[in-house]
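A short write-up of the structure that comes next.
In our numbering, the protein residues as written are 12 to 303.
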C-alpha cells in the first residue's frame, strides 16, 4: 500500500506540472514578475545645424544675414510619442527618469559647460527610451512638440521632472517653453531667442487657458528606429536677420511666440507648420526629418 501511495503521489505531481499549475509560495519561477508589456525601444534624436552635427563649440553660419553665431541653448519637450506601422499607431510608453515622465519627455542638446552653452544644465538627453507593443513593420513616427494642456500651467517649483526646469518656463499664465533655442552672434554679441509656447493665455494658477496652443504636430515616414529623428536647429533662424538691431516695437531679438511678434510669422508657417497668431496649423513642419 505504501508503494502504491508513493506512486500515486508522484503521478499526481507530474500531472500538475504538465498542466502548468503554479508553484508553491516561495518557489517563484525564473522570470516571473518581470511582466512589463511590449518590447524595449530607444529612439535617438540627432541634433543638426544646416546638416552639420550640433555642437556647443565653434560657430555656425546662421540667419537670413549669414552671420557667424554660436548656440547658447537647444532644448524641447515632446509628448504623445507613437510608432507607425501602416495603419497601426503604437503608442510608446516612456521610461521614467529625470527627463521622461508620463507622456512627456525633455530632449536636451546643450551641455551646460562647453563654450557658449555654459549657462544651461550639465546633463544632456538625446535618446528617448521606453516600450512599445511591437517593432514589426514600423516605418513612421509621430509626436507633438509641446506639453499637454493639463500640465502646461503647473507650478514649476513643485512640478515633477522633467517639468521642473525653470529655464523652460515662462510663468503660470504663459506655461512652458515647448522649444528653446538661443544663439549669439559672434562679432556683435547680439543674442537671438526662439522660444515656442502657447500664447494669449489667461486664468488662475494651474488652470489658465490659451488662445493659441502652438503645439507642433510631427509625423515622419521613412523612419527607422535604430537611426532615429533629425532636428536641424538652423532652420528656425533661416528667415531671421540675427545681426539686425532691435526695433522699438520688437525689442527682443528672435521669436517669442507672441501673435504680434514679426519674427515669428515666417518660421511659424514655413518651418513649424503653425499659423502665426491662430490655433490651426497651415502646413507640414520642416524642422524634423527621419534620419536616412
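Glycine included, each C-beta is placed from N, C-alpha and C at the ideal position.
A quick note: this is a predicted structure, and the numbers were derived from the prediction, not measured.
Given residue i as reference, the closest of the options once Cα atoms are compared
i	options	result
residue 188	89, 256, 254	89
residue 110	146, 102, 129, 119	119
residue 248	98, 239, 196, 220	196
residue 223	66, 185, 180	185
residue 164	149, 173, 180	180
residue 138	254, 232, 116	116
residue 92	230, 287, 237	230
Coil, strand or helix - residue i by DSSP
i	result
residue 206	strand
residue 285	strand
residue 277	helix
residue 136	strand
residue 126	helix
residue 154	strand
residue 296	coil
residue 218	coil
residue 231	strand
residue 174	coil
residue 110	coil
residue 224	coil
Beta-carbon proximity list for residue i, same chain, < 6 Å, skipping 5 on both sides
i	result
residue 284	292, 294, 295, 296
residue 226	155, 157
Local Cβ density within 10 Å of residue i, reported as buried at 16 or more and exposed below that
i	result
residue 274	buried
residue 32	Its pLDDT being 42, under 50, residue 32 is placed unreliably in this model, and the coordinates cannot settle the point.
residue 43	The predicted model places residue 43 with a pLDDT of 34, which falls under 50 and marks its position as unreliable; any figure quoted below should be read in that light. Classification of residue 43: exposed, given that the 10 Å Cβ count is below 16.
residue 51	exposed
residue 100	exposed
residue 129	exposed
residue 216	exposed
For residue j and residue i, believed in contact at Cβ under 8 Å, the rounded distance
i	j	result
residue 58	residue 242	6 Å
residue 219	residue 183	7 Å
Nonlocal neighbours in the same chain, by C-beta distance under 8 Å from residue i, ignoring five residues either side
i	result
residue 49	104, 142, 143, 144, 145
Cβ-based neighbour list, residue i, same chain, cut-off 7 Å, excluding 5 preceding and 5 following
i	result
residue 125	67, 68
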